[in-house]
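Written out below as C-alpha cells is the structure these notes cover.
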Amino acid sequence: METWWFPIIAMTDAEAKRDTNLASFFVILYHRILGEAIPIARFTPHPGRGEIRNCNTATQTKMSKYIEYRSQNIHYTDIGKGPVLVLLHGFTESLEIWNNFSAELSKSFRVICVDLPGHGRTANFSPVHTMEMMAETVQAVLSFCRIQQCVLLGHSMGGYVALAFANLFPEMLKGLILFHSQADADDEDARRNRDRAIEIVKKDHSGFINQFIPDLFAPANRERLKQEIDMLKNQAGSISGKGLVAAMEGMKIRKGWRDLLSKLNIPVLFIAGKQDTRIPFSKVLEQIALAKHAEALLLDEVGHMGYLEAPEITLGVIKDFAARPIGG
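Going by our numbering, the sequence shown opens with residue 109, and the numbers climb by one from there.
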C-alpha cells in the first residue's frame, strides 16, 4: 500500500515568548493512513533570519512593470535571481503587501508579484473577475517573463487564484502555498454574505473598507498593528468599487478544488491562523489531509493576516519550503 507523510509545523505563543529566537517550533509528522503524530525535531532558524521591519516604513528598490493583456494593462514586479517564487495578494490588497517579503526573498529567489485584475495598478477587465480569468492574467505575466516553472503563493483570494492556476497550468508549478486560503467553493450563506457586501460597497465604499480591514486581524493584534491596518485601508481605498465588486462576484461563483488538492503531485504548504474568521480553521485541517504532499504552519493568536501578524515565522517557513528541490 502506498502511503504519504506530511509534516505539520505548529507554533504556540508560549513557545515564542520562551524562545529568544522567537521562531522556534516543533515539527510533527502525521502518517496519512494511520493518523499517528510523532514529534521528531525542534527547528530553530538562525538568529535574525527572516527579520521583517515595519511594513509601512521599509523601503526597497524595484521597478514597476506592465504588460498588455486583452487590451488592458497588468502591473507586476520582478526582482532577484534564482528559482522563481510568485506572490499573489488577496482581496482589497495589492502587490505592495509583499514589499518586505520580496525584499528578503529576492536574496535567494527570483520574486514576481502581480497586481490581480481590478486591484493595485492593474485594470478592471469585466464586471466579473473569475478566479480562472485572474489565473490567466498571472500566466500571461509568467509567459512574458519566460517562466517555465515556479512556486506559487496566494494569500486569501490569491489562494483561490493559485488553485485555479494549478488546475489550468499544472505543468508550471513546482509547489503551491495557500496562505490563509482554502479549496472550498462558497456555500449558500457565503454567497448571501457576498451579495450583502457587494451592496454595501456600491453604497459606501470607504465604510466597507473601514469595517472590513480590521476584522481580518486577531483582536489581540489590532492595536499593536494599527499602523499596518491604516496602511491597508489606504491601499484598499485606491481600489475602485467596480474592482472590488468584480472580485466578489468572481469569488462567489468560484469552483471547489478539493478533488484537485487530492490529485496534485507537488508539495502544498498551508499557512493558517487559529483566529482567522474568514477561513475556518477546521476546513484547513480537513484539506491538509487531502493533499498527497502537505505541510502546514498553524499559528496561535493570528487571524487572516499572518504576513503582518507573524511575519518572521511565516517568511522563514515560506523561504524554507520554496528553497527545497521540489517538483511534480
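Yeah, the Cβ is synthetic: ideal placement off N, Cα and C, and Gly gets one too.
Since Asn-301 and Thr-230 are thought to touch, with beta carbons under 8 Å apart, how far apart are those beta carbons, to the nearest angstrom?
What you label residue 301 is simply residue 193 of the sequence shown in a count that begins at 1. What you label residue 230 is simply residue 122 of the sequence shown in a count that begins at 1. Not a contact, Cβ separation roughly 25 Å.
Express the C-alpha separation of Ile-421 and Thr-245 in angstroms, rounding to a whole number.
Indexing the sequence shown from 1 puts residue 245 at position 137. Indexing the sequence shown from 1 puts residue 421 at position 313. Cα to Cα, the separation comes out at about 30 Å.
Three or more C-beta pairs under 8 Å: does that hold for the segment 393-410 against the segment 369-376?
The answer is yes - the segment 369-376 touches the segment 393-410, with three or more Cβ pairs under 8 Å.
Using the Cα positions of Leu-276 and Lys-310, report the straight-line distance between them to the nearest angstrom.
Mapped onto the sequence shown, residue 276 falls at position 168. Mapped onto the sequence shown, residue 310 falls at position 202. Looking at the two C-alpha atoms, the distance is approximately 32 Å.
Please list the segments of the beta strand (DSSP E) lying wholly inside the segment 386-426, counting only runs of 3 or more residues, in order along the chain.
DSSP runs (the beta strand (DSSP E)) wholly in the segment 386-426: 402-407.
Quick check: Ile-220 and Ser-289, are their CB atoms within less than 8 Å of each other?
Taking the first residue of the sequence shown as position 1, residue 220 is located at position 112. Taking the first residue of the sequence shown as position 1, residue 289 is located at position 181. Not closer than 8 Å, so no.
Which full runs of the alpha helix (DSSP H) of 4+ residues lie inside the segment 166-238, going along the chain?
Listed in chain order, they are 207-213.
Measuring straight from C-alpha to C-alpha, what distance separates Gly-228 and Ser-370?
Here residue 228 refers to the residue found at position 120 when the sequence shown is read from its first residue. Here residue 370 refers to the residue found at position 262 when the sequence shown is read from its first residue. When rounded, the distance between both Cα atoms is 33 Å.
Could you tell me the distance, in whole angstroms, from the CA atom of Glu-296 to the CA atom of Met-359?
Within the sequence shown, the letter at position 188 stands for residue 296. Within the sequence shown, the letter at position 251 stands for residue 359. Approximately 13 Å between the Cα atoms of the pair.
Classify Lys-360 as helix, strand or coil using the three-state DSSP reduction.
Locating residue 360 in the sequence shown gives position 252, counting from the first residue. Lys-360 falls in the helix class under three-state DSSP.
Taking contact to mean 3 or more Cβ pairs, one atom from each stretch, closer than 8 Å, check whether the segment 203-215 and the segment 415-432 are in contact.
As far as the Cβ criterion goes, the segment 203-215 touches the segment 415-432, which means the pair count is three or higher.
Would you mind listing the alpha helix (DSSP H) stretches within the segment 305-383 that are 4+ residues and don't spill past its ends, in chain order?
With a minimum length of 4 residues, the continuous alpha helix (DSSP H) runs that stay inside the segment 305-383 are 313-320, 334-345, 349-360, 366-371.
Just curious, the beta strand (DSSP E) that Phe-277 is in, first and last residue?
In the sequence shown, residue 277 corresponds to position 169, counting from 1. Phe-277 -> no beta strand (DSSP E), and no H or E assigned at all.
Taking just the CA atoms, how far does Ile-285 sit from Val-259?
Counting from 1 along the sequence shown, the entry for residue 259 is found at position 151. Counting from 1 along the sequence shown, the entry for residue 285 is found at position 177. Looking at the two C-alpha atoms, the distance is approximately 8 Å.
If we ignore side chains and look at the alpha-carbon of each, how far apart do Leu-261 and Leu-271 end up?
As a working mapping, residue 261 is identified with position 153 in the sequence shown. As a working mapping, residue 271 is identified with position 163 in the sequence shown. C-alpha separation (whole angstroms): 10 Å.
Starting from the Cα of Val-236, find the closest Cα among Asp-292, Arg-362, Ile-308 and give me that residue.
The count along the sequence shown starts at 1 and reaches residue 236 at position 128. It is Arg-362.
Looking at the secondary structure, which residues open and close the beta strand (DSSP E) in which Cys-253 lies?
Along the sequence shown, one-based indexing puts residue 253 at 145. Note, Cys-253: premise wrong, no beta strand (DSSP E); not H, not E.
Considering only the alpha carbon of each residue, which of Gly-424, His-412, Arg-432, Leu-250 lies closest to Met-265?
For this step, residue 265 is matched to residue 157 along the sequence shown. Checking every option, the nearest Cα to that of Met-265 belongs to His-412.
Flag this pair as yes or no: are the beta carbons of Phe-287 and Thr-200 separated by less than 8 Å?
Here residue 287 refers to the residue found at position 179 of the sequence shown. Here residue 200 refers to the residue found at position 92 of the sequence shown. Not closer than 8 Å, so no.
Is the beta carbon of Asp-292 less than 8 Å from the beta carbon of Gly-364?
Walking along the sequence shown from the start, residue 292 turns up at place 184. Walking along the sequence shown from the start, residue 364 turns up at place 256. In this structure, Gly-364 lies closer than 8 Å to Asp-292 by Cβ.
For Lys-334, count neighbouring Cβ atoms within 10 angstroms of its own Cβ and tell me buried if that reaches 16, exposed if not.
By one-based count along the sequence shown, residue 334 stands at place 226. Label assigned to Lys-334: exposed.
Would you call the CB atoms of Ala-430 and Pro-278 closer than 8 Å?
If you number the sequence shown from 1, residue 430 lands on position 322. If you number the sequence shown from 1, residue 278 lands on position 170. No.
With DSSP run on the structure shown, which of helix, strand or coil describes Phe-133?
Here residue 133 refers to the residue found at position 25 of the sequence shown. At Phe-133, the pLDDT of 34 sits below 50, so the modelled position is not reliable; the number obtained from the coordinates is stated separately. Reduced to three states, the DSSP call for Phe-133 is strand.
On a Cα-Cα basis, can you pick out the residue from Asp-367, Glu-240, Ala-354 that is closest to Glu-394?
Taking the first residue of the sequence shown as position 1, residue 394 is located at position 286. The residue with the shortest Cα to Cα distance from Glu-394 is Asp-367.
Have a look at Glu-240 and Phe-217 and give me their C-alpha separation to the nearest angstrom.
Taking the first residue of the sequence shown as 1, we reach residue 240 at position 132. Taking the first residue of the sequence shown as 1, we reach residue 217 at position 109. Their Cα atoms are separated by approximately 26 Å.
If I measure Cβ to Cβ from Pro-322 and keep anything under 6 Å in the same chain, skipping five residues before and after, which residues do I get?
Position 214 of the sequence shown, counted from the first residue, corresponds to residue 322. Excluding positions up to five away in sequence, the list reads Arg-330, Ile-337.
Can you tell me the Cα-Cα spacing of Lys-173 and Ala-243, whole angstroms?
What you label residue 173 is simply residue 65 of the sequence shown in a count that begins at 1. What you label residue 243 is simply residue 135 of the sequence shown in a count that begins at 1. Roughly 18 Å between the two C-alpha positions.
Looking only at DSSP bridge pairs, what is His-263 linked to?
Numbered from 1 along the sequence shown, position 155 holds the residue referred to as residue 263. Bridge partners of His-263: Phe-287.
Is it right to say Asp-303 is buried, meaning 16 or more other beta carbons lie within 10 angstroms of its own, or is it exposed?
Here residue 303 corresponds to residue number 195 of the sequence shown, with the count starting at 1. That one is exposed.
Return the chain-ordered list of same chain residues with a C-beta closer than 7 Å to the C-beta of Tyr-177, the five sequence neighbours on each side being excluded.
To locate residue 177, count along the sequence shown from 1; it is residue 69. Result list for Tyr-177: Thr-245, Ala-248, in chain order.
Going along the chain, which residues of its own chain have a beta-carbon closer than 6 Å to the beta-carbon of Ile-255, five neighbours each way excluded?
Taking the sequence shown and counting its residues from 1, the one referred to as residue 255 is at position 147. Result list for Ile-255: Val-192, in chain order.
Three-state secondary structure (DSSP) at Ala-293?
To locate residue 293, count along the sequence shown from 1; it is residue 185. Here Ala-293 sits in coil by DSSP.
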